[in-house]
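The next block holds one structure in the form of structure tokens; read it before the comments.
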Amino acid sequence: MVEDGGDARRPHGELVADVLAVLWAAEQPLTPQQINAALARDLARTTVTTILTRLYEKGTVVRTREGRGFAYTAADDAAGLAAGRMRRELEREPQRDLVLKRFVSSLSGDDEEALRRLLLGSGDGE
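Quick note on numbering: the sequence shown equals residues 1 to 126 in the numbering used here.
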């Protein structure tokens, strides 16, 4: 499908990632209108609000009342969100030890060493 400007529509996940990037860069909670302005795209008024509502329902963003609407902030940074996805995937598997073994065996040497340091408690470099 093509928008009025002739540009192909972005995949939904890409727009969600862009919304989160705006929130991570912000120093305070933002309204959907502020986020839409920061995205600098010609989006429908409800598009950003719908994305934020869905992210709120998933626990990815938190919201506070601002006037008649809400202002949003990210619940966690990008690393925290990735870690949460990894944890949820692991929790779905009945053979967690096998999944962990396969995961660790697929790591690069540097990543394996970083994981080893973290497990031993000496990798406090967040």
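Backbone N, C-alpha and C fix where the C-beta goes; we use that ideal spot for every residue, glycine too.
Residue i to residue j, Cα distance in whole Å?
i: Val-22; j: Thr-60; result: 14 Å
i: Gly-84; j: Leu-100; result: 15 Å
i: Val-104; j: Ala-75; result: 28 Å
i: Ser-106; j: Lys-58; result: 29 Å
i: Leu-39; j: Arg-63; result: 19 Å
i: Thr-73; j: Ala-25; result: 10 Å
i: Leu-119; j: Arg-92; result: 22 Å
i: Asp-18; j: Glu-66; result: 22 Å
i: Ala-82; j: Arg-88; result: 10 Å
i: Gln-134; j: Ala-37; result: For the chain, the structure presents residues 1 to 126; residue 134 sits outside this window and is missing.
i: Thr-53; j: Asp-77; result: 18 Å
Should residue i go down as buried or exposed, given a rule of 16 or more other Cβ atoms within 10 Å for buried?
i: Leu-55; result: buried
i: Thr-46; result: exposed
i: Pro-94; result: exposed
Can you give me the Cβ contacts of residue i inside the same chain, cut-off strictly under 7 Å, excluding the 5 residues immediately before and after it?
i: Leu-20; result: Ala-74
Please list, in chain order, all residues of the same chain as residue i whose beta carbon is under 8 Å from its beta carbon, the five residues on each side excluded.
i: Leu-90; result: Arg-96, Val-99 and Leu-100
i: Glu-112; result: Val-104
For residue i, collect the residues of the same chain with a Cβ closer than 6 Å to its Cβ; drop the 5 residues on either side in sequence, then sort them by chain order.
i: Thr-49; result: Pro-32
task: Write down every uninterrupted run of the beta strand (DSSP E) in the region 25 to 95 whose length is 3 residues or greater and which is fully enclosed by it, in chain order.
output: The qualifying runs are 61 to 66 and 69 to 74.
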